[in-house]
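Novice:
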Amino acid sequence: MRHSPRLDGRGNLSEKSVEGLHNTLCGILSAAVDEGYLTHNPAWRCYKPKGKKKERPVAD
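FYI, this note's numbering numbers position 36 of the sequence shown as 51, with every residue one higher than the one before it.
#1: Which residues in the same chain as N56 place their Cβ atom closer than 6 Å to its Cβ, once the five residues preceding and following it in sequence are excluded?
#2: Write down the C-beta distance between L40 and A58 rounded to the nearest angstrom, noting that I regard them as a contact closer than 8 Å.
#3: According to DSSP, simplified to helix, strand and coil, what is N27?
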């Protein structure tokens, strides 16, 4: 998802969007485990996206 173009043609998804999608999917799959639809959450083994760190100015 991170490197796939958006459907509206405006570039790639942001890191924050990918992280939000991952968290939503993981939550849905966890609920399915709690309800007995799944035996385990396959998203637990997936790579969790990490955003890029921004450089912050250092105070003098």
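Just so it is clear, CB atoms sit at the ideal spot from N, CA and C, and this is done for glycine as well.
Specialist: On the basis of the supplied data:
#1: Looking up residue 56 in the sequence shown gives position 41. L44, S45 and V48, listed in sequence order.
#2: One-based indexing of the sequence shown puts residue 40 at position 25. One-based indexing of the sequence shown puts residue 58 at position 43. The beta-carbon separation of L40 and A58, rounded to 6 Å, stays under the 8 Å limit for a contact.
#3: Residue numbering aside, residue 27 sits at position 12 when the sequence shown is read from its first letter. N27: strand per DSSP, three-state reduction.
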